[in-house]
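Peer 1: Chains A and B are the protein sequences, given in the same order. So the first sequence is numbered by the numbering used here: it starts at 19 and just counts up by one. So the second sequence is numbered by the numbering used here: it starts at 19 and just counts up by one.
There are 2 protein chains.
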Amino acid sequence: MVSASVKDVAALAGVSVGTVSNVLNRPEKVSGEVTARVQAAIDKLGFVRNDAARQLRAGMSHSVGLVVLDAANPFFTELARGAEDRAAAEHFTVLVGNSNEDAGREAAYLDLFEQQRVRGVLLSPVGNVIPRLEQMRRRGIPTVLVDRQADNPSFSSVAVDDLAGGEMAVAHLLSTGRRRIAFVGGPEGIRQVADRLAGARKAMETAPDATLEVISTESLTVLSGRAAGEAIRLRPAAERPDAIFAANDLLAVGVLQGLMLMGGVPVPDEIALIGYDDIEFAAAAVVPLSSIRQPSALIGSTALELLLREASSEAGFVPRQVVFPPELVVRASTRA
Amino acid sequence: MVSASVKDVAALAGVSVGTVSNVLNRPEKVSGEVTARVQAAIDKLGFVRNDAARQLRAGMSHSVGLVVLDAANPFFTELARGAEDRAAAEHFTVLVGNSNEDAGREAAYLDLFEQQRVRGVLLSPVGNVIPRLEQMRRRGIPTVLVDRQADNPSFSSVAVDDLAGGEMAVAHLLSTGRRRIAFVGGPEGIRQVADRLAGARKAMETAPDATLEVISTESLTVLSGRAAGEAIRLRPAAERPDAIFAANDLLAVGVLQGLMLMGGVPVPDEIALIGYDDIEFAAAAVVPLSSIRQPSALIGSTALELLLREASSEAGFVPRQVVFPPELVVRASTRA
DNA sequence: CCCTTTCATTGAAACGAATCAAAACTGTGA
DNA sequence: TCACAGTTTTGATTCGTTTCAATGAAAGGG
């Protein structure tokens, strides 16, 4: 029942283990006759290489880790796809962990990845992990931050300019005549949320007659959004905002559900709504959602490329902060 | 730069490697004074256990593999979450692979998982992998099929009765007076698709005056659905179906988009639409989608439990085919 | 026919952690 | 002081693969 090893293969084929290894790794070094005999033995025994042993010998794995804030968010699945495709091209595997916006789970995944001796880590951080990442780098495991710009210039990052994106979203709302803006998002400890809000505040400066209300949520999920939407719907009409900027599309979808429950508040007539990420479902929502598009797969593939470059460069690697521009996508939810 | 090993820790602490190992794995066997010295050395050197070495020694990993048809489908992310939660409780890790409905990628992931000596595999199969799975079982790696019932009674599976679900969906359409039904889905090689269609056919038998048209798609994605929806929209009105059953919600969302483009065909007035899976976005669609709900997280956790049980039972394990009942969820898209 | 070169093949050593029988302690009672 | 029973600690061995210096055999040159 226990699986066959090179030793068994070697014995059956009547060669040494070194030769079996050569057949596996440097077939050009081995004569045709021997190769055939070894192959036959491999097939007969159902030999499968033991990755743990290879890795132990090699000292490093052929994997990289990826920790995302929310594996159910299509933005991150797209990002992961981009990273995986790029990794596959280099014969690397991506191990995906879901921190669920929880610093504890994030740390647990980093532990795991260190124990696996991954080549590097792509991270969309929750807590303040910079000290931890510096420690990991000292141990030879580099990190590239994804979906948020590194404030520490010694780290590479691939992100979209969330400040500009937030500004863009609110400027758009203002340009359609809205004045009582609400920002729905949280927790503020998450950098993307903070930046998008900061961008929103910046846009507000251009309209002194407009007001910005901040409505905090527990997480960036449809459920949190629905709760926020319902709370707004239940307010007296006069106290409702006339436009909502949601920190991501999941929230926006939830807000929309919350607002429309029981023939509620019409969107965009009474309240305009814009999200962030432009996930595939945004266009398919009850009221097609305006959003700020991020090139998710491109972020993933670019980050992976930077990571592998940093991992393989002996020294003198210069970290890069790649910033893609966000793009406003206007749909029915913000039409006048 | 290369990381420290137990040997280094032992040297610094002035003890043997065996003692370091004991501190790590059986702290109760080691005196307080020594434990403290070893801990200090571990911290000082930044020692991190090498998983490859542990695994090699142990002979088996602490992971299970999961191969899904489409990692971007919320149904599967939910299923994965269920499996991961259950696995975490048993101190196991889940490695997720995305076959993307491609038999080649599926096989590649199975290869990878075998090399990693995973404890077992959860699989939502594309091709005919049964022979392969039997081979893996002989090598000590059991499989549990997810989201489709095993036709081979020697395999465990956790699924929803897709035949009943398909029947339920079409029976519902018929009960609202629809008569020209279309099934949108594919490829038919995927068992879930075939079963849901078979269920649809079964329901048709109760209504001799109704017709069922099958519209094949390349894949179970929003994009494929949109193409199908557009094709239907472009037909002369008389040749359009009056109800559509989409093989999953992603398709349904796409069909909806395709139908409604350029102020197209009204749903449900002219065409009713029902999907399958009841993903979170179904309720949030332009026209909230009726659907057949599957308990996705429960499928994942149940499958993981069966898998671990099979993996740890010496012999005489009796495979089980768990079948959950589907549930009809009626929303606006099929209202008369 | 011997010497050199080339080439395929060998086999021991390494990777890092876990195990476990044996050794080294400790303290107790005689 | 010694025997004995516990308790700690030791260190050689194991896991499966890769690597690489060494070996052997065959081919080519003089």
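C-beta: ideal position from N, C-alpha, C; glycine also.
1) Strictly below 8 Å CB to CB, what residues from chain B border GLU132(A)?
2) What first and last residue would you give for the beta strand (DSSP E) that runs through ASN116(A)?
3) Would you please verify whether the beta carbon of GLY158(B) is less than 9 Å from any beta carbon of chain A?
4) Based on the DSSP secondary-structure assignment, which residues constitute the bridge partners of ASP17(A)?
5) Since VAL24(B) and VAL35(B) are thought to touch, with beta carbons under 8 Å apart, how far apart are those beta carbons, to the nearest angstrom?
6) For PRO306(A), go through chain B and note every residue whose CB falls closer than 8 Å to its CB, in chain order.
7) Measure the alpha-carbon distance for VAL56(A) versus PHE335(A) and round it to whole angstroms.
8) Counting only the same chain and skipping the five closest in sequence on each side, list residues whose C-beta sits under 8 Å from that of ILE208(B).
9) Buried or exposed for SER242(A), going by 16 or more other Cβ atoms inside 10 Å?
10) Short of 6 Å in beta carbon distance, which residues of its chain neighbour ARG198(A), apart from the five on each side in sequence? Order them along the chain.
11) So, for PRO344(B): in the same chain, excluding its five sequence neighbours on each side, which residues have a beta-carbon less than 7 Å away from its beta-carbon?
12) List, in chain order, every chain A residue whose beta-carbon is nearer than 8 Å to that of GLN275(B).
13) Quick check on GLU223(A): does DSSP put it in helix, strand or coil?
14) What does DSSP give as the partner residue(s) for GLN339(B) in the beta ladder?
15) Mind pulling the chain B residues with CB within less than 9 Å of ASP103(A)?
16) Along chain B, in chain order, which residues have C-beta atoms closer than 9 Å to that of ARG135(A)?
17) Looking at the strands, I want to know which residues DSSP matches up with GLU102(B).
18) Does VAL211(A) pass the burial test, meaning 16 or more other C-beta atoms within 10 Å, or should it be called exposed?
19) Please list, in chain order, the chain B residues whose beta carbon lies closer than 9 Å to that of GLN210(A).
20) Which residues of chain B have a Cβ atom closer than 7 Å to the Cβ of PRO92(A), listed in chain order?
21) For the beta strand (DSSP E) holding SER234(A), just list the boundary residues, first then last.
22) Using beta carbons (cut-off 9 Å, strictly below), is ALA98(A) in contact with chain B?
23) If you follow the alpha helix (DSSP H) that GLU185(A) is part of, which residue opens it and which one closes it?
24) Who are the neighbours of GLN153(A) on chain B, taking C-beta pairs under 8 Å?
25) Taking the beta strand (DSSP E) that SER39(B) belongs to, which residues open and close that run?
26) Which residues, in chain order, does the region 105 to 121 of chain A contribute to contact with chain B at a C-beta distance below 8 Å?
27) Going by beta-carbon coordinates alone, are VAL202(A) and ALA264(A) separated by less than 9 Å?
28) For the region 229 to 263 of chain A, which residues have a CB atom closer than 7 Å to at least one CB atom of chain B, in sequence order?
29) At a CB-CB cut-off below 8 Å, which residues of chain B make contact with THR95(A)?
30) Which same chain residues end up closer than 6 Å to GLN73(B) when comparing Cβ atoms and leaving out the 5 residues on each side of it in sequence?
31) Tell me which same chain residues have a C-beta within less than 7 Å of the C-beta of ARG251(B), skipping the five on either side of it?
32) If you measure beta-carbon to beta-carbon, which residues of the region 275 to 298 of chain B are closer than 7 Å to chain A?
33) Nearest chain A C-beta to VAL271(B) closer than 9 Å, yes or no?
34) Could you check whether the Cβ of GLY77(B) sits closer than 9 Å to any Cβ belonging to chain A?
35) Residues of chain B with CB closer than 8 Å to the CB of GLN73(A), please, in chain order.
36) Within a Cβ cutoff of 8 Å, which residues of the same chain sit near SER49(B), ignoring the five residues on either side of it in sequence?
Peer 2: From the atom records:
1) Reading the first sequence from its first residue, position 114 is the one you call residue 132(A). Under a criterion of Cβ atoms nearer than 8 Å, the residues of chain B adjacent to GLU132(A) are, in order, VAL66.
2) Walking along the first sequence from the start, residue 116(A) turns up at place 98. Per DSSP, the unbroken beta strand (DSSP E) holding ASN116(A) starts and ends at 111 to 116.
3) Position 140 of the second sequence, counted from the start, is the residue given in the question as residue 158(B). At least one C-beta of chain A is nearer than 9 Å to the C-beta of GLY158(B).
4) The shown model of chain A, from 19 to 354, leaves out residue 17(A), and the question about it has no answer.
5) Mapped onto the second sequence, residue 24(B) falls at position 6. Mapped onto the second sequence, residue 35(B) falls at position 17. Right, the Cβ-Cβ distance comes to about 5 Å (below 8 Å), so this counts as a contact.
6) Locating residue 306(A) in the first sequence gives position 288, counting from the first residue. Contact of PRO306(A) with chain B by beta-carbon distance below 8 Å involves VAL304.
7) Here residue 56(A) is taken as the residue at index 38 of the first sequence, counted from 1. Here residue 335(A) is taken as the residue at index 317 of the first sequence, counted from 1. Cα to Cα, VAL56(A) sits roughly 43 Å from PHE335(A).
8) By 1-based counting over the second sequence, the position of residue 208(B) is 190. Non-local beta-carbon contacts of ILE208(B) in its own chain, meaning distances under 8 Å to residues more than five positions away in sequence, involve LEU87, GLU119, VAL144 and LEU238 in chain order.
9) Residue mapping note: residue 242(A) aligns to position 224 of the first sequence, counting from 1. By the 10 Å Cβ count, SER242(A) comes out buried.
10) Taking the first residue of the first sequence as position 1, residue 198(A) is located at position 180. Once the five neighbours on either side are set aside, the close Cβ partners of ARG198(A) are THR229, PRO259 and ASP260.
11) Taking the first residue of the second sequence as position 1, residue 344(B) is located at position 326. Excluding positions up to five away in sequence, the list reads VAL178, ASP179, ALA182, GLY183, MET186, ILE310, ARG311 and GLN312.
12) Sequence index remark: in the second sequence, residue 275(B) carries index 257 (1-based). In chain order: ALA301 and ALA302.
13) Taking the first residue of the first sequence as 1, we reach residue 223(A) at position 205. Note: GLU223(A) maps to coil in three-state DSSP.
14) Stepping through the second sequence from its first residue, residue 339(B) is reached at position 321. The partner list for GLN339(B) (beta bridge, DSSP) reads SER175(B).
15) The residue you call residue 103(A) lines up with position 85 of the first sequence. In chain order: nothing, as chain B lies at least about 10 Å away.
16) As a working note, residue 135(A) is residue 117 in the first sequence. Chain B residues near ARG135(A): SER21, VAL66, ASN68, ASP69 and ALA70.
17) Translated into the one-based positions of the second sequence, residue 102(B) becomes position 84. None; GLU102(B) has no bridge partner.
18) On the first sequence, position 193 is the one that residue 211(A) refers to. Under this definition VAL211(A) is a buried residue.
19) Taking the first residue of the first sequence as 1, we reach residue 210(A) at position 192. Residues of chain B passing the Cβ test: none, with the nearest at roughly 20 Å.
20) For this step, residue 92(A) is matched to residue 74 along the first sequence. Neighbours of PRO92(A) across chain B, judged by C-beta separation under 7 Å: ALA90.
21) Position 216 of the first sequence holds residue 234(A). Unbroken beta strand (DSSP E) run through SER234(A): 229 to 234.
22) Indexing the first sequence from 1 puts residue 98(A) at position 80. Interface residue, yes.
23) By one-based count along the first sequence, residue 185(A) stands at place 167. Element bounds for GLU185(A): 180 to 193.
24) Locating residue 153(A) in the first sequence gives position 135, where the first residue counts as 1. One finds GLY64 in chain B with Cβ atoms closer than 8 Å to the Cβ of GLN153(A), taken in chain order.
25) Reading the second sequence from its first residue, position 21 is the one you call residue 39(B). Note, SER39(B): premise wrong, no beta strand (DSSP E); alpha helix (DSSP H) at 35 to 43.
26) So the close ones are THR111, LEU113, VAL114 and ASN116.
27) Reading the first sequence from its first residue, position 184 is the one you call residue 202(A). Reading the first sequence from its first residue, position 246 is the one you call residue 264(A). For the 9 Å CB-CB criterion, VAL202(A) and ALA264(A) form a contact.
28) The region 229 to 263 of chain A vs chain B, Cβ under 7 Å: VAL240.
29) Taking the first residue of the first sequence as position 1, residue 95(A) is located at position 77. In chain order: ALA89, ALA90 and THR95.
30) Position 55 of the second sequence, counted from the first residue, corresponds to residue 73(B). Result list for GLN73(B): SER79, in chain order.
31) Counting from one through the second sequence, the residue named residue 251(B) turns up at place 233. Closer than 7 Å at the Cβ level, and outside the excluded window around ARG251(B), lie GLY276, LEU277, LEU279, GLY282 and VAL283.
32) Answer in chain order: GLN275 and GLU298.
33) As a working mapping, residue 271(B) is identified with position 253 in the second sequence. Under the Cβ distance rule, VAL271(B) counts among the residues neighbouring chain A, one pair being separated by less than 9 Å.
34) Here residue 77(B) corresponds to residue number 59 of the second sequence, with the count starting at 1. At least one CB atom of chain A sits nearer than 9 Å to the CB of GLY77(B).
35) The residue labelled residue 73(A) in the question sits at position 55 within the first sequence. Residues of chain B with a Cβ closer than 8 Å to the Cβ of GLN73(A) are, in chain order, ALA70.
36) For the purposes of this step, residue 49(B) is taken as the residue at position 31 of the second sequence. Nothing listed; no residue qualifies.
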